[in-house]
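Scroll down for the structure; my scribbles are underneath it.
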Amino acid sequence: MYDTYTAASFSALIEKTDMTKYGDIVPFETAQINGNLIVPFEMAQIPNVLFATGWTNHQIILNRCKSDTERLFYMLYAGKEHLENKELLRTIKTDTINSLLGGKDVQSEVMTKTYPTSPLLFKDKVYLEMLGLPLEYKESKLKKEIIAHMKDFILEMGKDFLFIDDEHRVTVGSKTFKVDLLFYHRLLQCMIAIELKTTEFHPKDLGQLEFYLEALDQEERRSNENPSIGIILCKEADMEVVRYALNRSMSPTMVALYKEQLQVGSVIQRSLVEFCKFLKRK
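Below, the structure is given as structure tokens:
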């Protein structure tokens, strides 16, 4: 660990990402006083950013991550989400760094203007292997299994999600409609409506979701809350169709894919610098 975190490449990455929130370096004596022993042998100084998470998490990060960029990201993400050992291990297995930092065309322009940090808060791909879904299933089965595994689902989506209701009723005129899953986001202080689709994304799905968002904002949103966000969580999508549909969306909406099994290995496009700037604004 000492060799990895005192290497010139890791120091250069810290300098590039501007870790002023964590300072630069800390004398070894201070590290001993501050709690968990990050580096268990004699040294002069260590990067202060190592205190973002604990000793056991560092062991997982070192054993599982192949690059300095991955190590720094999961170090910071574990601190942000207050991840325990098993939770961190799963976020690495599900390739969270690519889900958050990958290039995104899955959010509407209204979404990114209303919530500038949203690309760094919402994943464009989530893994639901914990549900144990059969080869064939309907939306009702998907929703039932998500509710039964809600703790794991929230961990996958992000710990700022608070579950409110399933099949949440919204009444407009003389008609009642049902939102598949309704959450509240603590950081953004808004409701989040999630519509589940076990088929390929279709533009009509977005129109339905925007109607639900308008109903939620007019009928249920409180004066201290921000505009509601809508997420279509679907099994498949033609990204060009998604782009065209979102270009005309007038609401904070996005499309995300879910996978029943782990399929990692994508390429990071978004800079880690953006994620670090986001953490400093919190």
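Each number in the working numbering corresponds to the 1-based position in the sequence shown with 723 added.
Using N, Cα and C, we set each Cβ at its ideal position, and we do this for glycine too.
On a predicted model such as this, the values are computed, not experimentally measured, just so you know.
Query                                                                                                                 : Result
Rounded C-alpha distance that separates V964 from P926                                                                : 7 Å
C-alpha gap between M766 and T727, whole angstroms                                                                    : Note on M766: pLDDT 45, under 50, position unreliable in the model; the coordinate value appears next. Taking the straight line joining both Cα atoms gives about 13 Å.
Nearest-angstrom beta carbon gap, V978 and I952 [assumed within contact, 8 Å]                                         : About 12 Å; that fails the 8 Å criterion.
DSSP-derived helix/strand/coil call for Y728                                                                          : helix
Close beta carbons around K816, own chain, < 7 Å, minus the five adjacent residues each side                          : L985
Residues of its chain near A968, where Cβ-Cβ distance is below 7 Å and the 5 sequence neighbours each way are ignored : P926, L929
C-beta contact flag for V833 and E879 at 9 Å                                                                          : no
At least 3 beta-carbon pairs within less than 8 Å: the segment 798 to 817 vs the segment 827 to 844                   : no
Backbone CA spacing between V996 and A735 [nearest angstrom]                                                          : 13 Å
Cβ separation of N780 and L811, assumed to be a contact under 8 Å, to the nearest whole Å                             : 5 Å
Beta-bridge partners of H1008, as assigned by DSSP                                                                    : Missing from the structure shown is residue 1008; the chain here goes from 724 to 1005 and no further.
Length at least 3, wholly inside the segment 926 to 959: the beta strand (DSSP E) runs in chain order                 : 952 to 959
Beta-carbon spacing of L911, F876 below 9 Å                                                                           : no
Same chain, Cβ closer than 6 Å to A801, five either side skipped, listed in chain order                               : T776, N780, L811
Exposed unless 16 or more other CB atoms sit within 10 angstroms - verdict on Q830                                    : buried
When A916, S863, L936, L1002 are compared against M973, the one with the closest alpha-carbon                         : L936
heavy atom of the ligand COA below 8 Å from K958 C-beta                                                               : This structure lacks the ligand COA, and indeed carries no ligand of any kind.
Three-state secondary structure (DSSP) of V978                                                                        : strand
For E852, the residue or residues it bridges with in DSSP                                                             : E852 pairs with nothing; no bridge assigned.
Span separating the alpha-carbon of D903 from that of E859                                                            : 19 Å
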